[in-house]
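Right, one structure below, let's go through it.
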Amino acid sequence: MIVTASQFQSTAPIHSISIVQTSFTRSAHRAYAKPSEHDLVQETMGAPVVDRPKPVNGAPCIRSTRAGSALRIGASPWSTPAGGFEPMMRPPAEIGIPLEEVESPALILDLDTFERNLKRLADAGRRLGVRPMPRPTSAP
Amino acid sequence: MIARRQMALGAVGVCCQTVGEAEAMVFGGIDDVLVTNEVVDRVKVNRLVSLAKQARVAVCADDAGNAEALNAAAAAFGARLDVLVEVNVGANRCGVEPGRPALVLAEAIAALPNLNFAGLQAYHGAAQHIRDFTERRSAALSAAKKAGATKALIEGAGLPCERVTGAGTGTYRFEPESGVYDEIQAGSYVFMDADYGHNLDEGGGAVSEFEQSLHILATVVSRPDRARCIVNAGLKALSVDSGMPVVDGDEGARYVGASDEHGKIEFAESRRGFDPGERVRLVPGHCDPTVNLHDWIVGYRGNHVEALWPVAARGAF
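Protein chains in written order, with my numbering: chain B, -3 to 136; chain H, 1417 to 1733.
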């Protein structure tokens, strides 16, 4: 399938800026921001992207490159540099849809409950006189 | 996102277990990170020291040779690194023994020009999951006692012990009794899981201070007979190291086995069961490794998706 980065931008759902920022953190520690042919491909926004770049020794993995490139051009973080979707990174939902339409399996988080938990530990820390230094393991 | 929310609510920083996680946090704007682990690989040590030039970063050590390697890397980068001595307070994982062995290592660290002896890491992971309230409290207080005695020994030798850090979701409430800990390292409380749900409170009931906020949403893909169904969430969607996930809100349905892409749910005789296409919410057996299997967390409020958060530190070592 031949697609362009700009087409992805136009069809992708809108997400908050935090997604892009966090994607960068993910790419940064994996990709080490090494420029690659992927970046050049991204520069051709608007023109059909036909050739998938050849693997380059030491080049970042495609997941990282995609996220990093997405940051640079502001594209959605799951569009691939060479066009096409990479299923592993496609989110299982879109903002605003009802839960029934979320693709499964998916991790779903009840934000009201999550926020209550956050507040309870913060309150407990104050009450008990200890500083919370929480472990957000693997968390966003 | 979660770390930033925690910081906004008064957290002084966050704990990570790997350098990659620490990088994700610092690059995401967190400026105080404690790696509650030993970092030994040469390149990882370099990455850690590099990070310490961008944010307040501390790491644990339980070996003098490792401390020297950390110091050499810090010197090469012109950095100064906070190092905590990890003390074995009962988990029998990493850590020097409490008392004199910890003092010896603390003095060795303090003598190295590019390291700062920053205190003690005294985390008892296994104690978090002791079911009985009294036993859990006893294990937590025993850990605190060892940490407190070690701190006193080190300070008695003239070394300031800036921070004693430890405790988790299962034991944090006991720490003030000891007065030893300055920081608590609870993490699972944001999501909770079935394993923590098995902990008991003082009255013998399930602990209830935190609520289950995270679920695995699965779909029934097959109903081969009346007694069982198959969902599309198996080992690639959830971890089973702390037991099987639990079908939320339905005691008559039991998740009994996971293969790569399938999960088997059995029904009590009286139950109607679930048919293909029906959705099932599963409480993860262990939230941390389950999160690590997913690229995204779908945040919802009411019945609608409000946030999509990529799991920034997934697989980041």
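Where a beta carbon is used, it is the ideal one built from N, C-alpha and C, also for glycine.
query: Near G1535(H), what residues of its chain come up, given a Cβ to Cβ distance below 6 Å and the 5 sequence neighbours on each side ignored?; result: L1500, C1577, E1578, R1579, V1580
query: Could you list the residues in the region 1710 to 1733 of chain H with a C-beta less than 9 Å from some C-beta on chain B, going in chain order?; result: H1710, D1711, W1712, I1713, V1714, G1715, Y1716, R1717, G1718, N1719, H1720, V1721, E1722, A1723, L1724, W1725, P1726, V1727, A1728, A1729, R1730, G1731, A1732
query: State the start and end residues of the unbroken alpha helix (DSSP H) segment that holds N1487(H).; result: 1480 to 1493
query: Against chain B, does I1600(H) count as a neighbour if the rule is that its beta carbon must be under 9 Å from one of theirs?; result: yes
query: Based on Cα-Cα distance, which residue from A1684(H), I1713(H), A1634(H), G1668(H) lies nearest to A1674(H)?; result: A1634(H)
query: Tell me the rounded alpha-carbon separation between A1492(H) and V1465(H).; result: 9 Å
query: Kindly list the residues whose CB is nearer than 8 Å to the CB of I1546(H), restricted to its own chain and excluding five residues on each side of it in sequence; keep chain order.; result: R1552, A1555, G1586, N1615
query: The region 1619 to 1642 of chain H: which residues have C-beta closer than 9 Å to a C-beta of chain B, in chain order?; result: E1625, F1626, E1627, Q1628, S1629, L1630, H1631, I1632, L1633, A1634, T1635
query: Only counting the same chain, and skipping five residues up and downstream in sequence, which positions put a Cβ closer than 6 Å to that of V1623(H)?; result: N1615, D1617
query: Taking DSSP as the reference, what is the three-state secondary structure of F1626(H)?; result: coil
query: According to DSSP, is N1462(H) helix, strand or coil?; result: helix
query: Between D1664(H) and R1697(H), how many whole angstroms is the CB-CB distance? I'm expecting something under 8 Å.; result: 4 Å
query: How would you label N1508(H), buried or exposed, when you count the other beta carbons within 10 angstroms and need 16 or more for buried?; result: exposed
query: Alpha carbon to alpha carbon, how far is V1505(H) from E1625(H)? Give it in angstroms, no decimals.; result: 25 Å
query: Taking Cβ positions, are L1630(H) and L103(B) nearer each other than 9 Å?; result: yes
query: Would you grab the beta carbon distance between G1582(H) and Y1597(H) for me? Rounded to a whole angstrom, and I think it's under 8 Å.; result: 6 Å
query: Across the region 1472 to 1492 of chain H and the region 1430 to 1450 of chain H, are there enough close Cβ pairs to call them in contact, namely three or more that are closer than 8 Å?; result: yes
query: Taking the beta strand (DSSP E) that E1454(H) falls in, what are its first and last residues?; result: 1448 to 1454
query: Measuring only between beta-carbons, confirm whether N1648(H) sits less than 9 Å from chain B.; result: yes
query: Should A1559(H) and I1525(H) be called a contact, given that it needs their Cβ atoms to be closer than 9 Å?; result: no
query: Closest to V1442(H) by C-alpha separation, out of A1468(H), H1540(H), C1476(H), would be which residue?; result: A1468(H)
query: Can you confirm whether S1604(H), when its beta carbon is compared against all beta carbons of chain B, has any partner nearer than 9 Å?; result: yes
query: If we count the other Cβ atoms within 10 Å of its Cβ and call it buried at 16 or more, is T1550(H) buried or exposed?; result: exposed
query: Name the two residues that bound the continuous alpha helix (DSSP H) containing A1732(H).; result: It is not in any alpha helix (DSSP H) - A1732(H) carries neither H nor E in the DSSP assignment.
query: Establish whether the CB of V1707(H) and some CB of chain B are separated by less than 9 Å.; result: yes
query: Nearest CA to the CA of K1567(H): which residue from L1557(H), H1540(H), G1515(H), D1548(H)?; result: G1515(H)
query: Could you give the distance in angstroms between the alpha-carbon of L95(B) and the alpha-carbon of E1694(H)?; result: 13 Å
query: Does DSSP put F1690(H) in a helix, a strand or coil?; result: coil
query: Let me check one thing: in DSSP terms, what residues is H1720(H) bridge-paired to?; result: P94(B), R1717(H)
query: Quick one: Cα of C1510(H) to Cα of A1643(H), how far?; result: 45 Å
query: Output yes if chain C places a C-beta closer than 9 Å to the C-beta of M1660(H); else output no.; result: The question asks about chain C, but that chain is absent: this structure's protein chains are B and H.
query: Counting along the chain, where does the beta strand (DSSP E) carrying V1473(H) start and finish?; result: 1472 to 1477
query: When the cut-off is 9 Å and only beta carbons count, does E1591(H) lie next to chain B?; result: yes
query: Can you find a C-beta in chain B that's less than 9 Å from the C-beta of A1653(H)?; result: yes
query: Rounded to whole angstroms, what's the CA-CA distance from G1572(H) to K1562(H)? Just pull it up for me.; result: 15 Å
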